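For reference, the structure is listed below as C-alpha cells.
Chains as they are written, first to last, in the numbering used here: chain A, 135 to 511; chain B, 764 to 1026.
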C-alpha cells in the first residue's frame, strides 16, 4: 500500500503550479496533496494499477482473495520479481541483459553436475552461482572491453548458453538434487467414540536445504522481498547505486568525474546473472526437477524485462526502481493467475496479457506526464 | 615554497586522436597561487590540454611536472589525489541525480562501518558550498535536470572549489551563465586569487573576463602555446589582433572555398 519505503522529495506545496492548479488544490488540500505525493513516486502508478487489478479479480471471483490462491500465485510472481530486479540494475545503466533466461536454466544444471561429482548441497549452490557470475563477467567483458552492444552480447549468450545447457543435459530433465520428496508412514493414534484407533498416514517431506531454497511455501516470497529491499537500498543509498545511475544518465560525465565506468557496468551484469542463477535454483528446487526448456528461457526473460519496464524503469537508463519491478512482477502474476481463475482459455491468455501490458504502460506514461507537469519529474 | 615556483609545468606534451593531432608541442607553466587564462580558437586544443591535466586523457609525448616532480597522471582519481580537480566544459553532471549527489559525485561521504551514503552531512555541506558562492538554488534534493544552465554550472564549479584540490582547472566556467551568475563565478575566482591558496587554469572566450580575472594569459593555437604574457602587459586590442591574424591565415589556407575552416 502507501507504506512504500521509498523516500521522495515531498511535494507538499508545488511552488511552480499554475494558478488554477493551486486553486483546485486549495479546495481539497489533504486528499489531493496526498494523492499527488503518492503518484509522484516513480512506483506510484504501477502500485495503483496492481491494486486495481487485484480489486477487479476479487470482485469477479471469490476464489481470488483466498490464502490458497495467494500460495498458488507466488510462483507466478516471486521468481520474476527477483529476475526483474536484476534486470533493473542493468537497465538503469542503459543496457539490457537478455541472457538471464538461459542463466536461469544453466544454474540448476551446474548444481546437478557438481552434485554428481559428490559435493555437498551448499557447495553445489556456491559453485553454481559462481558459474553464473562468470557468465555475467563474460557479458561485461564483451560489452565494456570489446565494445559489443549489450543487446547483441546477451542475445548471443542467451542462445549459446541455452545450447550449452542442452549439451550438458543431453536435453533430458533430471531430478533436482536436495529436493527429493521423502515419504514416510507414521502411525497416528486417534480416539474415536472412546476407542483408540491407530491409522497409518503418509507424510511428505523435503530437506531443510530445499525448504530454504524454493520448496518452502513462502521461501520464494521471502527471497524476493529481501532481494527487492536490498537492491532498492543498493540503488538509492550506496555509492554502487549512485554510480549506476550516473553511468546510465551521463556516461561521459561519470567518467570525467572519475567513476570507473567499466567496473560499474561489469559488476551490475555479474549481479544480474547471479540473481538469475539463484532464481533458476529456487525454481528447480520448487518443482524438484531440472528441465532443459530452452524455449521457455526467452519467455522467462521477456516476462522479467516486462516486469521491470512496467514497474517504471526506463530502457534508456538513468532511472529505475526495484520496488517498481516487484510490483510490475506482481501485476503480471495477478493478471495471469486471475485470468486462469476466471477460466479464460489458455489460447486467449497471452493475447489478453499483451493488451493488459500495453494498457498498464499507457496508464504509467499518462501518470508520468501528470507527474512532470506538476513539477515533480 | 618560493613565490614564483611553478606548481605545475607541462613540457612538450603532444596528443593525437587517430589521424587528428590535438596537441603538437605544449609548454605551459602555472605558478603557485596564480590564475592563468587560456585562450584559443575552437579545436585549438584547450579542452584536450585540460583533460590531460585532469587525468582523463593520457599524453602521447612529453612530461608533466607537479611541484617539480615528474608525474604520470594515471586517472581522474589519481590526478584528484594529487590535488588537481577540474570543471569540465560539459559540467559532468548527471541529470537524474540530485544536486547533493552531483556535488559529491565520486567524493561521497559515507557512514561507518556500513558504507551507506551520509545524506545529512552531504546536504549540509552542499548548502554551505552553494551559499558561499552565493548562487540561489532553493531545493538541493531535486534532480539537476530541473535547474537552469547557470545553476548547473554553479554546482559544477562549487563542487570543484569545495574539494581539497589546490590546482583547479576551469573549462569555460562562464559558458552557460547569465550576467548575474557569471559575475558570481568571477567573484569566486577573484576571491580564490586573493587567498592565493589554489592555482587556477581558466579557459574563457571573453578577453575582458580573462584580463580581469587572470594574472597571466596564454594563447593556444593549433596545438601549441604561441603567446604567454602577464595580463598587465597586454590588452584586449593585442589579443584581438592575434586572433584576427589567425583568422586571416585560416581563410587563406582554406583555398577551394571551405570558409568554415577559420571558425
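Glycine included, C-beta positions come from ideal geometry on N, C-alpha and C.
This one's a predicted model, so the numbers in the text were calculated from it and none came from an experiment.
DSSP-derived helix/strand/coil call for residue i
{"i": "residue 837 of chain B", "result": "coil"}
{"i": "residue 965 of chain B", "result": "strand"}
{"i": "residue 906 of chain B", "result": "strand"}
{"i": "residue 934 of chain B", "result": "strand"}
{"i": "residue 993 of chain B", "result": "strand"}
{"i": "residue 977 of chain B", "result": "coil"}
{"i": "residue 378 of chain A", "result": "helix"}
{"i": "residue 283 of chain A", "result": "coil"}
{"i": "residue 900 of chain B", "result": "coil"}
{"i": "residue 249 of chain A", "result": "helix"}
{"i": "residue 1003 of chain B", "result": "helix"}
{"i": "residue 517 of chain A", "result": "Here chain A comprises residues numbered 135 to 511, so residue 517 of chain A is not present and cannot be evaluated."}
{"i": "residue 306 of chain A", "result": "coil"}
{"i": "residue 855 of chain B", "result": "coil"}
{"i": "residue 346 of chain A", "result": "helix"}
{"i": "residue 926 of chain B", "result": "coil"}
{"i": "residue 731 of chain B", "result": "A query on residue 731 of chain B cannot be resolved here, the shown segment of chain B reaching from 764 to 1026 and no further."}
{"i": "residue 336 of chain A", "result": "strand"}
{"i": "residue 847 of chain B", "result": "strand"}
Contact set for residue i: own chain, Cβ-Cβ below 7 Å, skip 5 residues either direction
{"i": "residue 465 of chain A", "result": "180, 183, 184, 187, 444, 494"}
{"i": "residue 486 of chain A", "result": "473, 478"}
{"i": "residue 235 of chain A", "result": "292, 431, 432, 434, 435"}
Test item: CB-CB of residue i and residue j under 8 Å
{"i": "residue 988 of chain B", "j": "residue 799 of chain B", "result": "no"}
{"i": "residue 813 of chain B", "j": "residue 776 of chain B", "result": "no"}
{"i": "residue 872 of chain B", "j": "residue 884 of chain B", "result": "yes"}
{"i": "residue 965 of chain B", "j": "residue 801 of chain B", "result": "yes"}
{"i": "residue 375 of chain A", "j": "residue 222 of chain A", "result": "no"}
{"i": "residue 337 of chain A", "j": "residue 320 of chain A", "result": "yes"}
{"i": "residue 936 of chain B", "j": "residue 916 of chain B", "result": "yes"}
{"i": "residue 373 of chain A", "j": "residue 214 of chain A", "result": "no"}
{"i": "residue 981 of chain B", "j": "residue 908 of chain B", "result": "no"}
{"i": "residue 770 of chain B", "j": "residue 931 of chain B", "result": "no"}
{"i": "residue 866 of chain B", "j": "residue 922 of chain B", "result": "yes"}
Residue i CB to nearest heavy atom of the ligand SAH below 7 Å
{"i": "residue 830 of chain B", "result": "This structure does not include the ligand SAH; it has no bound ligands of any sort."}
Rounded Cβ spacing between residue i and residue j (contact assumed at less than 8 Å)
{"i": "residue 410 of chain A", "j": "residue 237 of chain A", "result": "4 Å"}
{"i": "residue 404 of chain A", "j": "residue 271 of chain A", "result": "6 Å"}
{"i": "residue 972 of chain B", "j": "residue 951 of chain B", "result": "In fact, because the Cβ distance is near 13 Å, the residues do not count as touching under 8 Å."}
{"i": "residue 260 of chain A", "j": "residue 348 of chain A", "result": "No, residue 260 of chain A and residue 348 of chain A are not in contact; Cβ-Cβ is about 16 Å, not under 8 Å."}
Cβ of residue i within 8 Å of any chain B Cβ
{"i": "residue 365 of chain A", "result": "no"}
{"i": "residue 393 of chain A", "result": "yes"}
{"i": "residue 331 of chain A", "result": "no"}
{"i": "residue 155 of chain A", "result": "In this predicted model, residue 155 of chain A has a pLDDT of only 43, less than 50, meaning its place in the structure is not dependable; the value taken from the coordinates is given anyway. Closer than 8 Å: no."}
{"i": "residue 143 of chain A", "result": "Because the pLDDT at residue 143 of chain A is just 42, under 50, the model does not fix this residue reliably, and the value given afterwards should be weighed accordingly. At least one chain B Cβ lies under 8 Å of residue 143 of chain A."}
{"i": "residue 399 of chain A", "result": "no"}
{"i": "residue 371 of chain A", "result": "yes"}
{"i": "residue 447 of chain A", "result": "no"}
{"i": "residue 281 of chain A", "result": "no"}
{"i": "residue 376 of chain A", "result": "yes"}
{"i": "residue 390 of chain A", "result": "yes"}
Minimum Cβ-Cβ distance from residue i to chain A less than 8 Å
{"i": "residue 769 of chain B", "result": "no"}
{"i": "residue 840 of chain B", "result": "yes"}
{"i": "residue 927 of chain B", "result": "no"}
{"i": "residue 884 of chain B", "result": "no"}
{"i": "residue 876 of chain B", "result": "no"}
{"i": "residue 880 of chain B", "result": "yes"}
{"i": "residue 888 of chain B", "result": "no"}
Own chain residues within Cβ distance below 6 Å of residue i, not counting five before or after
{"i": "residue 422 of chain A", "result": "310, 313"}
{"i": "residue 806 of chain B", "result": "none"}
{"i": "residue 212 of chain A", "result": "354, 355, 358"}
{"i": "residue 244 of chain A", "result": "262, 265"}
{"i": "residue 991 of chain B", "result": "981"}
{"i": "residue 863 of chain B", "result": "885, 886, 889, 903"}
{"i": "residue 513 of chain A", "result": "Outside the shown range of chain A (135 to 511) lies residue 513 of chain A, about which nothing can therefore be said."}
{"i": "residue 277 of chain A", "result": "284, 287"}
Close-in-space but distant-in-sequence residues of the same chain around residue i (CB under 8 Å, 5 per side omitted)
{"i": "residue 177 of chain A", "result": "138, 140, 445, 446, 455, 457, 458, 461"}
{"i": "residue 517 of chain A", "result": "Missing from the structure shown is residue 517 of chain A; chain A here goes from 135 to 511 and no further."}
{"i": "residue 428 of chain A", "result": "236, 239, 296, 297, 299, 300"}
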